[in-house]
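In this note's numbering, the protein residues as written are 1 to 327. Cβ atoms here follow ideal geometry from the backbone N, Cα and C, with glycine treated the same way. These numbers were taken from a predicted model, which means no experiment stands behind them. Below is one structure; the comments refer to it alone.
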Amino acid sequence: MPMSFSLNVIEEFRANGGRVGGPFEGGDLLLLTTTGARSGRPHTVPLGYVRAEGLLLVVASAAGAPEHPQWYRNLLAHPVVRVELGAEAFDTVAVPAEGGRRERLFAAVVRKAPGYGDYQAHTDRELPVVVLERLEPPAGGPAPVVVRSLADKLLEAHTWLRAQLRHVREEAHAHVPGRPAALGLQLRQHCLAFCDGLTHHHTGEDSAIFPALARSHPELAEVLARLDEQHRAIGRIKEELMGLLAGIAITEPERLRTELDRMSAELEAHLDFEEAELLPVLAGIPFPPTGPAPGPSAPNPSAPGGSTQDESTKGGPAPDRSSPGGG
Numbered sequence: 001m002p003m004s005f006s007l008n009v010i011e012e013f014r015a016n017g018g019r020v021g022g023p024f025e026g027g028d029l030l031l032l033t034t035t036g037a038r039s040g041r042p043h044t045v046p047l048g049y050v051r052a053e054g055l056l057l058v059v060a061s062a063a064g065a066p067e068h069p070q071w072y073r074n075l076l077a078h079p080v081v082r083v084e085l086g087a088e089a090f091d092t093v094a095v096p097a098e099g100g101r102r103e104r105l106f107a108a109v110v111r112k113a114p115g116y117g118d119y120q121a122h123t124d125r126e127l128p129v130v131v132l133e134r135l136e137p138p139a140g141g142p143a144p145v146v147v148r149s150l151a152d153k154l155l156e157a158h159t160w161l162r163a164q165l166r167h168v169r170e171e172a173h174a175h176v177p178g179r180p181a182a183l184g185l186q187l188r189q190h191c192l193a194f195c196d197g198l199t200h201h202h203t204g205e206d207s208a209i210f211p212a213l214a215r216s217h218p219e220l221a222e223v224l225a226r227l228d229e230q231h232r233a234i235g236r237i238k239e240e241l242m243g244l245l246a247g248i249a250i251t252e253p254e255r256l257r258t259e260l261d262r263m264s265a266e267l268e269a270h271l272d273f274e275e276a277e278l279l280p281v282l283a284g285i286p287f288p289p290t291g292p293a294p295g296p297s298a299p300n301p302s303a304p305g306g307s308t309q310d311e312s313t314k315g316g317p318a319p320d321r322s323s324p325g326g327g
């Protein structure tokens, strides 16, 4: 899809609450914003979608091209993606289906949009079916934080991190390498989403919150030094975890669980200490800030971004008009 045409579709979509004309009129269309695998910049692409088994699905068909579209490579690097559907926008974790689940979902896609079957017939690569899992509060978890102060914003971020790490640990206990339709890629995507969120949160604290507190509250110097040390320790564990994820298909499950348990223990201790020491100070700072005061990063793991156009028309995928996209 030529870039100028794609931009026109995106602008029309946003101006009209998700409705577009031309070849996409009446079709099931969404906007997907991924983070570039190399650049880290946001890239938005219009895509056709299908709903099946209660799931929101997109297919990385690239109209049957021999290589995956760039937006798919981007979401493998940064699983948290932004979805615009109608007039609604929300964050999701993008999880490619595997094994028998992929076969079942692809068959459901083809029943609703037969053009995807034609695309699969014209390429040797298996077309990925991506499940866009909406980031919802876990069932039985704490009520959403009402954000009125910087302390509330910190608690919101911490609640998200705790919930995501708990979810990842539960999946790790079910992970068995080599088993058909195993949780390998699903576990990898959820774990990367957590790691991205942790990095985003700590970067925001290190670059904005902690320096501001050091200037306004010099009595917190020892606390901030300890928090900085904890950030580095958690960062080292995160890097080891990322190394295990790179070889998720062969990673020993027990080793993965050990690393997750170690990160969980250190992170919980860090979050508890940070809340005990900083919440009383941050409670007096309104959020959103009324002045130039900094704020902690949001609980959503990463700023979205990614690239390359794919397919969508009414009743099925569009002809391939893909253009190179940023990574």
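Restricting to Cα atoms, I'd like to know which of the options is closest to residue i.
i	options	result
Pro386	Gly117, Gly86 and His68	The requested residue 386 does not occur in the structure, where the chain is confined to residues 1 to 327.
Leu165	Arg82, Ala246, Ala265 and Leu76	Ala265
Leu135	Asp91, Val168, Ala174 and Arg125	Asp91
Glu254	Ala172, Glu11, Gln120 and Pro42	Ala172
His202	Gln186, Ala233 and Leu185	Ala233
Cys195	Gly40, Pro79, Phe210 and Gly284	Pro79
Lys153	Arg257, Arg19, Leu7 and Ile285	Ile285
Glu205	Glu259, Glu240, Ala121 and Leu271	Leu271
Glu11	Pro46, Ala276, Val146 and Pro288	Pro46
Asp261	Phe5, His167, Ala77 and Glu156	His167
Please say whether residue j and residue i have beta carbons closer to each other than 9 Å?
i	j	result
His158	Glu25	no
Ala107	Val50	no
Leu29	Val59	no
Gly86	Gly17	yes
Val110	Leu57	no
Arg104	Pro128	no
Leu256	Leu244	yes
Gly64	Tyr119	yes
Val81	Ala94	yes
Ala52	Lys112	yes
Lys238	Leu278	no
What did DSSP end up calling residue i once you bin it into helix, strand or coil?
i	result
Pro288	coil
Thr159	helix
Glu219	helix
Glu133	strand
Pro333	Nothing can be reported for residue 333, as the shown portion of the chain is limited to 1 through 327.
Val110	helix
Glu53	coil
Val93	strand
Ser149	strand
Pro180	Low confidence applies to Pro180: its pLDDT is 39, below 50, so where it sits in the model is not reliable, and the reading given next is rough at best. The answer is coil: DSSP assigns Pro180 none of H, G, I, E or B.
Thr123	coil
Give a yes or no on whether the minimum CB-CB distance between residue i and chain C is below 9 Å.
i	result
Glu11	Note that chain C does not occur in the displayed structure, where there is just one protein chain.
Short of 7 Å in beta carbon distance, which residues of its chain neighbour residue i, apart from the five on each side in sequence? Order them along the chain.
i	result
Pro180	With a pLDDT of only 39 at Pro180, under 50, the local geometry of the prediction cannot be trusted, and the value read off the model is given with reservation. Here the set comprises Gly99 and Gly100.
Gln189	Pro79, Val93, Ala94 and Val95
Rounded to a whole number of angstroms, what is the C-alpha to C-alpha distance between residue i and residue j?
i	j	result
Leu224	Arg215	11 Å
Ser149	Leu282	7 Å
Met242	Gly21	43 Å
Pro66	Tyr72	13 Å
Glu133	Ala193	12 Å
Gly235	Cys191	14 Å
Pro280	Leu220	12 Å
Leu355	Glu252	This structure cannot speak to residue 355, because the chain is shown only from 1 to 327.
Tell me which same chain residues have a C-beta within less than 8 Å of the C-beta of residue i, skipping the five on either side of it?
i	result
Arg14	Leu31 and Glu84
Glu268	Arg162
Glu259	Ile237, Glu240, Leu241 and Leu244
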